[in-house]
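To keep things clear, I will list the structure first and then write my remarks on it.
There are 2 protein chains.
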Amino acid sequence: MTVNRQWLVKRYPAQDEPLSNGLFDWTESEIPVPASGEFVVQTLYLAPGPAMRGYLEPGHSHFFSPVPVGEVMRGRGIGRIVASEHPDYAIGELFLGSLGWQDYSKQIPRGKEFVFSTKKITKPTDPVSLELGILGQSGVTAYFGLTEAGNIQTGDKVLISAAAGGVGSAAGQIARIKGAYKVVGLAGSDAKCRWLVEELGFDAAVNYKLDDFDAQLAKTFPDGIDLFFDSVGGEVLNTVLPHIAQNARVALCGFIATDYDDTDKGPINYRHLLYKRASMQGFIVFDYWERFGEAETLLREWHAEGKLKLCEDVTEGLENMPQAVQDLFSGNNFGVKICKVAG
Amino acid sequence: MTVNRQWLVKRYPAQDEPLSNGLFDWTESEIPVPASGEFVVQTLYLAPGPAMRGYLEPGHSHFFSPVPVGEVMRGRGIGRIVASEHPDYAIGELFLGSLGWQDYSKQIPRGKEFVFSTKKITKPTDPVSLELGILGQSGVTAYFGLTEAGNIQTGDKVLISAAAGGVGSAAGQIARIKGAYKVVGLAGSDAKCRWLVEELGFDAAVNYKLDDFDAQLAKTFPDGIDLFFDSVGGEVLNTVLPHIAQNARVALCGFIATDYDDTDKGPINYRHLLYKRASMQGFIVFDYWERFGEAETLLREWHAEGKLKLCEDVTEGLENMPQAVQDLFSGNNFGVKICKVAG
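Line order of the protein sequences matches chains A and B. In short: position in the first sequence from 1, add 95, done, that's my numbering. In short: position in the second sequence from 1, add 95, done, that's my numbering.
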């Protein structure tokens with residue numbers, strides 16, 4: 096390639112507006128050239144994530160500043176170093192970090208933020224995109240969510256929301272590996288539910304969009320849910336809470352159902368935390384950045400032993416990034432959403 | 096006394112109806128006589144509690160069955176054994192248990208429920224009513240709520256809701272004893288706020304009914320709240336959640352603000368549990384029944400050392416029990432609400 100294709104932020108979306116190409120400007124600029132202490136990475140894969148919508152809503156995110164209008168849209172990904180004026184980063188090496196929605200990014204290794212959010216990939220998986228998925232951040236999120244926030248115990252009856260998503264599909268499998276007695280997933284279609292049971296080995300799956308969701312939960316968990324790994328919130332959380340068991344744990348991973356909904360009412364049934372002497376624990380995977388290696392080693396071992404299936408849902412082409420992110424909110428993905436940009 | 100005065104349940108209250116004498120029938124019956132294996136207790140003190148309203152709302156409580164219409168209203172208290180046909184319970188001994196809203200109750204010691212909710216008082220406090228308050232269940236609730244559900248740490252900045260109540264007034268003082276860096280109470284009047292600071296040694300107190308509640312929290316906790324001991328819920332919890340610190344803990348003791356409110360919306364700001372990697376842990380003091388002695392010993396030591404002030408708000412007379420319970424919902428009490436029946 097001789098140009099650097101880029102998605103620039105054109106305007107921020109309205110409250111309920113889906114992400115679309117119209118929010119961005121597609122431009123072609125020159126491939127950057129590194130100055131001393133810098134290097135340039137060619138993007139191979141980007142990892143669409145729900146947080147990306149937050150980059151476009153000033154004042155919304157508690158973790159990230161918005162991306163200013165006119166700048167390249169922010170995004171994590173994996174690429175190959177194609178030019179370098181930094182002694183620690185050699186041409187040809189693989190790099191994971193904030194690459195942006197573009198073919199080429201200039202990286203400037205300095206400051207704590209760089210140290211705690213980027214890394215070189217020295218033993219790449221095949222395909223290397225797995226480093227962004229179940230063998231990377233999705234799997235690590237599921238791992239620490241279950242083990243730290245959820246304090247998973249042998250024999251637990253576990254429920255996973257957004258179970259067909261990247262984190263959820265990993266969480267269900269890891270729960271089984273950690274000795275759960277029963278692993279059940281929630282998903283928004285019968286096709287996804289079948290996929291969870293038949294392909295990923297969940298014991299059962301429940302379609303939360305059907306009218307009998309509550310009754311299905313009661314039937315599936317007659318003795319209650321010991322651990323609920325929740326990335327959804329909203330009505331799903333409300334419906335689940337009355338079904339938690341004594342001393343249950345809710346691992347709070349996210350709230351995609353109400354993330355951009357100002358009418359959020361909170362978990363109406365939170366009193367069941369008291370009734371059941373239960374806990375709800377929030378966590379952020381980046382708090383465990385220094386322990387990513389520990390989790391990634393385990394995830395690779397489990398995968399090598401055939402215990403952990405990897406499932407990628409690949410969108411082809413940088414031009415489709417807006418839709419790839421929107422798919423996460425529409426619930427269209429089976430497994431980890433990845434956008435293949437080159438390679 | 097030659098008769099047994101009793102409050103019988105006449106009807107259940109409507110949704111928003113306060114407790115009043117009109118819900119009960121005041122009757123006088125004969126003093127019961129124990130059969131073999133039974134004994135009779137004369138009520139000295141009753142402990143009005145918010146749970147009592149739940150006894151009058153079928154289907155509401157997750158812990159107790161409702162008291163049937165026509166039966167004596169349920170209530171815990173302390174009394175003296177005045178007749179006994181049981182070898183382990185002697186006339187003259189003090190007994191703590193479910194006495195009911197009446198002068199004399201027949202006790203039948205059998206079954207697990209009796210074992211786990213009654214006891215003889217062998218070293219009575221003076222007055223013995225303290226056994227129902229800060230040296231008893233109120234203090235024990237505060238103790239296990241802080242140490243177990245709240246996992247209190249030296250240096251914590253602690254906020255207590257319903258701080259002028261029985262449990263709250265104990266919790267604030269125990270938090271100080273356990274090494275809290277700052278102890279702040281929430282109360283519903285300026286008089287109570289002054290009382291918390293001047294009499295009980297809280298570092299500060301905030302009137303949650305004033306318009307600047309949120310601003311006062313921000314000013315009082317510029318670095319956030321490490322531990323929130325909450326018995327209130329509702330708008331108080333909503334307002335507090337954005338002020339929690341990283342890794343904060345919310346000890347969920349109750350939700351008196353919305354306990355009998357069907358329009359409960361849940362803690363809108365529960366997402367701060369995720370933003371702050373915080374937890375909310377529900378607890379029930381009766382789970383610690385077998386450890387009550389451990390807590391009661393500490394509470395007495397602290398009281399003897401002058402570290403723990405005892406504050407009772409005594410209503411005189413069995414005839415005033417309905418109002419004494421209603422006072423808890425109206426926020427009229429300073430400290431532990433006690434009803435003195437005889438003695």
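Quick reminder that beta carbons are idealized off the backbone N, C-alpha and C, glycines included. All values reported here derive from a predicted model rather than from experimental measurement.
| Item | Value |
| --- | --- |
| Quick one: grab the DSSP three-state call for B/C434. | strand |
| A/F378: which of B/H367, B/I433 and B/D382 sits nearest, CA to CA? | B/H367 |
| Does the CB of A/Q110 have a neighbour CB from chain B at under 7 Å? | no |
| Between which two residues does the beta strand (DSSP E) containing A/Q341 stretch? | I339 to L347 |
| Excluding five sequence neighbours on each side, which residues of the same chain lie with their C-beta closer than 7 Å to the C-beta of B/P143? | M416, A419, V420, L423, K432 and C434 |
| Taking C-beta pairs closer than 7 Å, name the residues in chain A that B/G245 reaches, listed in chain order. | None at all; the shortest Cβ gap to chain A is about 11 Å. |
| Do you know how far the Cα of A/A146 is from the Cα of A/M168? | 12 Å |
| How would you call A/P362, buried or exposed, if buried means at least 16 neighbouring beta carbons within 10 angstroms? | buried |
| Output the boundary residues of the alpha helix (DSSP H) element that contains B/T138. | Per DSSP, B/T138 belongs to no alpha helix (DSSP H); it is in the beta strand (DSSP E), F134 to L141. |
| Determine which residues share a DSSP beta bridge with B/W290 and list them. | Bridge partners of B/W290: none, in fact. |
| Can you tell me which residues form a DSSP beta bridge with B/K201? | B/V135 |
| Rounded to the nearest angstrom, what separates A/L291 and A/A275 at their Cα positions? | 16 Å |
| Within 7 Å of any Cβ in chain B, is that where the Cβ of A/I379 sits? | yes |
| Buried or exposed for B/S200, going by 16 or more other Cβ atoms inside 10 Å? | buried |
| So, helix, strand or coil for B/S233, using DSSP? | helix |
| Among B/L254, B/D198 and B/Y150, which one has its Cα closest to the Cα of B/V327? | B/L254 |
| What do you get for A/D382, buried or exposed, if any count of 16 or more other CB atoms within 10 angstroms of its CB means buried? | exposed |
| Kindly indicate which residue of A/E125, A/L141 and A/G132 has the alpha-carbon position closest to the one of A/A437. | A/L141 |
| Decide if B/E411 is buried, meaning its Cβ has at least 16 other Cβ atoms within 10 Å, or exposed. | exposed |
| Considering only DSSP beta bridges, list what B/I173 is partnered with. | B/Y140 and B/L191 |
| Please check if any C-beta of chain A sits within less than 7 Å of the C-beta of B/G361. | yes |
| Would you mind sorting A/D198 into buried or exposed? The rule is 16 or more other CB atoms within 10 Å of its CB. | buried |
| Just checking my contact of A/V301 with A/L281 at CB under 8 Å: how many whole Å lie between their CB atoms? | 6 Å |
| Answer yes if the region 258 to 266 of chain A comes into contact with the region 224 to 241 of chain A, meaning at least three C-beta pairs across the two stretches below 8 Å, and no otherwise. | yes |
| Mind listing the chain A neighbours of B/H398? Cutoff is C-beta to C-beta under 9 Å, in chain order. | Within 9 Å Cβ-Cβ: nothing; B/H398 doesn't reach chain A, min ~28 Å. |
| Between B/S124 and B/Q376, what straight-line distance do the alpha-carbon atoms span, to the nearest angstrom? | 45 Å |
| Would the beta-carbon of B/I216 fall within 7 Å of that of B/E226? | yes |
| Report back the beta-carbon spacing between B/V164 and B/K105 to the nearest angstrom; my notes put them in contact at under 8 Å. | 7 Å |
| Can you confirm whether A/M147, when its beta carbon is compared against all beta carbons of chain B, has any partner nearer than 7 Å? | no |
| Are the C-beta of B/Y370 and some C-beta of chain E separated by less than 7 Å? | Annotation note: the requested chain E is absent from the structure, which comprises protein chains A and B. |
| Just how far apart, CA to CA, sit A/L103 and A/L151? | 11 Å |
| Start and end of the alpha helix (DSSP H) containing A/V327? | Element bounds for A/V327: n/a, residue is neither H nor E. |
| Mark A/T392 as exposed unless 16 or more other C-beta atoms lie within 10 angstroms of its C-beta, in which case mark it buried. | exposed |
| Does any C-beta atom of chain B lie closer than 7 Å to the C-beta of A/M416? | no |
| Please report the distance separating the alpha-carbon of B/E294 from that of B/R395. | 19 Å |
| Express the C-alpha separation of A/E166 and A/E180 in angstroms, rounding to a whole number. | 24 Å |
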